[in-house]
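There are 2 protein chains.
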Amino acid sequence: MTRPASVTLQDVAALAGVSIKTVSNVVREYQHVRPSTRARVQDAIDRLGYVPHSIARRLATGRTGMIAFALPAIEAPYFAELAALVSTEADGFDYRLLIEQTAGSLEDERAVLRGRERGLIDGLIFQPTVLDAAAIEEFRGSTPLVLLGEIAAPPTVDHVMVDNTAAARAATLHLLQSGRTRVAFLGQSAWTEHATTRLRMGGYRSALEEFGAFRDDDLLIPMTRFGAFSAEAAVVDAIEAGVRFDGLVCFDDLSAIGAMKALARTGRIVPDDVGVVGWDDILMAQFTNPGLTTIRPDKAALVRTTFRMLRERMDGASGPGRHELVGFDLVVRGSTAS
Amino acid sequence: MTRPASVTLQDVAALAGVSIKTVSNVVREYQHVRPSTRARVQDAIDRLGYVPHSIARRLATGRTGMIAFALPAIEAPYFAELAALVSTEADGFDYRLLIEQTAGSLEDERAVLRGRERGLIDGLIFQPTVLDAAAIEEFRGSTPLVLLGEIAAPPTVDHVMVDNTAAARAATLHLLQSGRTRVAFLGQSAWTEHATTRLRMGGYRSALEEFGAFRDDDLLIPMTRFGAFSAEAAVVDAIEAGVRFDGLVCFDDLSAIGAMKALARTGRIVPDDVGVVGWDDILMAQFTNPGLTTIRPDKAALVRTTFRMLRERMDGASGPGRHELVGFDLVVRGSTAS
Chain A
1 MTRPASVTLQ
11 DVAALAGVSI
21 KTVSNVVREY
31 QHVRPSTRAR
41 VQDAIDRLGY
51 VPHSIARRLA
61 TGRTGMIAFA
71 LPAIEAPYFA
81 ELAALVSTEA
91 DGFDYRLLIE
101 QTAGSLEDER
111 AVLRGRERGL
121 IDGLIFQPTV
131 LDAAAIEEFR
141 GSTPLVLLGE
151 IAAPPTVDHV
161 MVDNTAAARA
171 ATLHLLQSGR
181 TRVAFLGQSA
191 WTEHATTRLR
201 MGGYRSALEE
211 FGAFRDDDLL
221 IPMTRFGAFS
231 AEAAVVDAIE
241 AGVRFDGLVC
251 FDDLSAIGAM
261 KALARTGRIV
271 PDDVGVVGWD
281 DILMAQFTNP
291 GLTTIRPDKA
301 ALVRTTFRML
311 RERMDGASGP
321 GRHELVGFDL
331 VVRGSTAS
Chain B
1 MTRPASVTLQ
11 DVAALAGVSI
21 KTVSNVVREY
31 QHVRPSTRAR
41 VQDAIDRLGY
51 VPHSIARRLA
61 TGRTGMIAFA
71 LPAIEAPYFA
81 ELAALVSTEA
91 DGFDYRLLIE
101 QTAGSLEDER
111 AVLRGRERGL
121 IDGLIFQPTV
131 LDAAAIEEFR
141 GSTPLVLLGE
151 IAAPPTVDHV
161 MVDNTAAARA
171 ATLHLLQSGR
181 TRVAFLGQSA
191 WTEHATTRLR
201 MGGYRSALEE
211 FGAFRDDDLL
221 IPMTRFGAFS
231 AEAAVVDAIE
241 AGVRFDGLVC
251 FDDLSAIGAM
261 KALARTGRIV
271 PDDVGVVGWD
281 DILMAQFTNP
291 GLTTIRPDKA
301 ALVRTTFRML
311 RERMDGASGP
321 GRHELVGFDL
331 VVRGSTAS
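Taken in sequence, the protein lines are chains A and B. Letter by letter, the first sequence follows residues 1 to 338 in UniProt numbering. Letter by letter, the second sequence follows residues 1 to 338 in UniProt numbering.
Rendered as structure tokens:
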């Protein structure tokens, strides 16, 4: 399967017994080549290992036509939905998309920035979860970069996110305004270390203060890790430990779905006994029973803004990092019906 | 951002004022390089556009170190979970992973095979949904290829799948054996054109015959497209049209989740009134209320088998296509409790 870089259009044309122009037409997938001719050219291309649209040509232009999207876990519904949008957008600009999973590990996040793909990609879209701004600054190479999500970005790097504090505040106020008095927050336990949890909990606290609502550290329900299973266990534990609450702001939809299972297992009715709010508006938020009230980030705007900034950087734009916020909605469904 | 292919380790070493060995150590991310030295070398690499682990070197060896996974839609939970496994496995072999969405369109599926990535990838994992075996044979290039899923593969191509007929039969028998008498099948409507639906419906029919159960074409509930929304609409339509059933074999978990919402909307209790079986065992199957009984394909074995065959092809193995089956389990949860 070796593909010597030296094979040329001429070599293919000679082997296939056609003109160079015909080979070029086949390579560009023009429609007006006869099937039998196309088959003969394709056969010569395969036999010689000729590389059309080639890496070689891409190297000559300094572009590879590839971008990477580095994210914690592709199977998390929010990231899967985001990756689908990024893939479609990349396709529209004729970029191929590399997917990199970091599993939220410091080592993998550093490797992404250090340029595991250096020379392979023209640009990088990266949602870090554990790196801080100083580390991002230290490890980033020269590849054009846009950061997604809630982590603090260094002042040199473009960054797109939703206003997490405002959104968490809106979610919490929604529960308080419907008459709930003991609203709990379900999130990661290493509060001070996880940027997203910290921002969302800040919005939760600010709503409680603004509303003069009951506030108790017992109402901060810790999860040992992200995801529906950990959320389910955390909510069952809290209930068994005697924590009483009639509203629950969840870190994301997956944890809300886990929480709803825990509430069902312990005989609580949603929304009568406990109102539940999630975050992300993943597809499944419409198929829980009852449907899940949730923060819906404007994912389309997120991806569009990201590509605009990334393309400007790939086209050579310099200057300090830009920080853009995209909008969100609170989508009210049955899980908080009053 | 041009990166001339001609920049060498020597150039970098000269600009950074260090030895070639030091540059090499930085490129290979050895730990015993002083941070200040690393920073200087990195700066020289960035300024010169040197390409370590380079495409150039990959071209020289005839390998690019990349494989592609082409699938209908990354945001569908089954494919997202599969992509996560493929990504992890690829990482273990030090391959980078390109993701290609086809949206199940004939044009995109042809483009995948024709080698939109030709020269860019060492191998291709492809789950087609509409191409037939003749088209796969016609359009495939010389890139090592393994097909996933239920579509008929040409005899030249490696292919991995679950025995869909046996699994659908097991799902249907499970409902019949628990005393259900009117078991319906929810799937794509263009029955004869969609390979997966055809195989699964075949298993459903064979179970009905074996059990001597009631069989009526009214019990074939068509969806206009795949996914939870279409399933929900289809089941509401069937119920409103007077179709009576006490068991439902669904095309996949997403359609089962849509069906469960339709049943709730129309006042049917799962499992008392209708037992529901899904397919894929996506994460959400454990968080529906009640939990969803489902066919669990052995996804880990699927991915492991795929990589074994792909690597053999990339290492030059010739010979006819191999067809391998991986196992499945019927996972019984509350949606079919008797």
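Here a beta-carbon is modelled for each residue, glycine too, at the ideal position from N, C-alpha and C.
Query, Result
"Phe214/B, buried or exposed, once every other Cβ within 10 Å from all chains shown has been counted against 16", "exposed"
"Three CB pairs or more closer than 8 Å across the region 287-304 of chain A and the region 253-271 of chain A", "yes"
"Identified DSSP bridge partners for Ile295/A", "Trp279/A, Leu330/A"
"Beta-carbon proximity check, Arg296/B vs Val331/B, cutoff 8 Å", "yes"
"Buried or exposed (CB count within 10 angstroms, at least 16 for buried), Phe328/B", "buried"
"Interface partners of Asp46/A on chain D, CB under 8 Å", "As a matter of chain content, chain D is missing from the structure shown, whose protein chains are A and B."
"Per DSSP, cross-strand counterpart(s) of Ala70/A", "Glu100/A, Phe126/A"
"Contact the region 230-250 of chain B vs the region 249-259 of chain A: 3+ CB pairs below 8 Å", "no"
"Distance between Lys261/A and Asp158/A (C-alpha atoms, nearest Å)", "39 Å"
"Within-8 Å CB hit, Gln101/A to chain B", "yes"
"Reduced DSSP secondary structure (H/G/I, E/B, other) of Ile269/A", "coil"
"Given Gly278/B as reference, the closest of Gly334/B, Ile239/B, Ala152/B, Leu219/B once Cα atoms are compared", "Gly334/B"
"Integer Cβ distance of Thr129/B from Gly92/B, believed to fall under 8 Å", "With 8 Å as the limit, Thr129/B and Gly92/B do not qualify as a contact, their Cβ atoms being about 28 Å apart."
"Contact under 8 Å by Cβ, residue 360/A with Gly321/A", "Residue coverage of chain A in this structure runs from 1 to 338, which leaves residue 360/A outside it and unanswerable."
"Reference Ala233/B; option with closest CA among Ile136/B, Asp216/B, Leu263/B", "Leu263/B"
"Test: Thr294/A CB closer than 8 Å to a CB of chain B", "no"
"Within chain A, the residues that Thr88/B reaches when beta carbons sit closer than 9 Å", "Gln101, Ala103"
"Coarse secondary structure for His32/A, derived from DSSP in three states", "coil"
"DSSP beta-bridge partners of His159/B", "Leu147/B, His323/B"
"Residue burial classification, His174/B (beta-carbon count within 10 angstroms, cutoff 16)", "buried"
"Residue burial classification, Gln10/B (beta-carbon count within 10 angstroms, cutoff 16)", "exposed"
"Amino acids of chain B, ordered along the chain, whose beta-carbon sits closer than 7 Å to that of Glu75/A", "Ala80, Glu81, Ala84"
"Buried versus exposed, by CB contacts within 10 Å (16 or more), Ala16/A", "buried"
"Cα-Cα separation between Arg304/B and Met161/B, rounded to whole angstroms", "12 Å"
"Opening and closing residue of the alpha helix (DSSP H) in which Phe211/A lies", "195-211"
"Buried versus exposed, by CB contacts within 10 Å (16 or more), Ser19/A", "exposed"
"Simplified DSSP assignment, three categories, for Pro222/A", "strand"
"Integer-rounded CB distance, given that Gly65/A should sit under 8 Å from Val7/A", "No, Val7/A and Gly65/A are not in contact; Cβ-Cβ is about 20 Å, not under 8 Å."
"CA nearest to the CA of Ala133/A, picked from Ala171/A, Ala228/A, Gly149/A", "Gly149/A"
"Span separating the alpha-carbon of Asp298/A from that of Val112/A", "26 Å"
"Sequence ranges, alpha helix (DSSP H) only - wholly within the region 159-188 of chain B, length at least 4", "164-177"
"Residue from Ala73/B, Gln101/B, Leu97/B whose Cα sits closest to the Cα of Glu100/A", "Leu97/B"
"Pair within 8 Å by beta-carbon distance, Val235/B and Leu186/B", "yes"
"Inter-residue spacing [alpha-carbon to alpha-carbon] between Val276/A and Thr336/A", "6 Å"
"Nonlocal neighbours in the same chain, by C-beta distance under 7 Å from Arg265/A, ignoring five residues either side", "Val236"
"Cα-Cα separation between Gly319/B and Arg40/A, rounded to whole angstroms", "22 Å"
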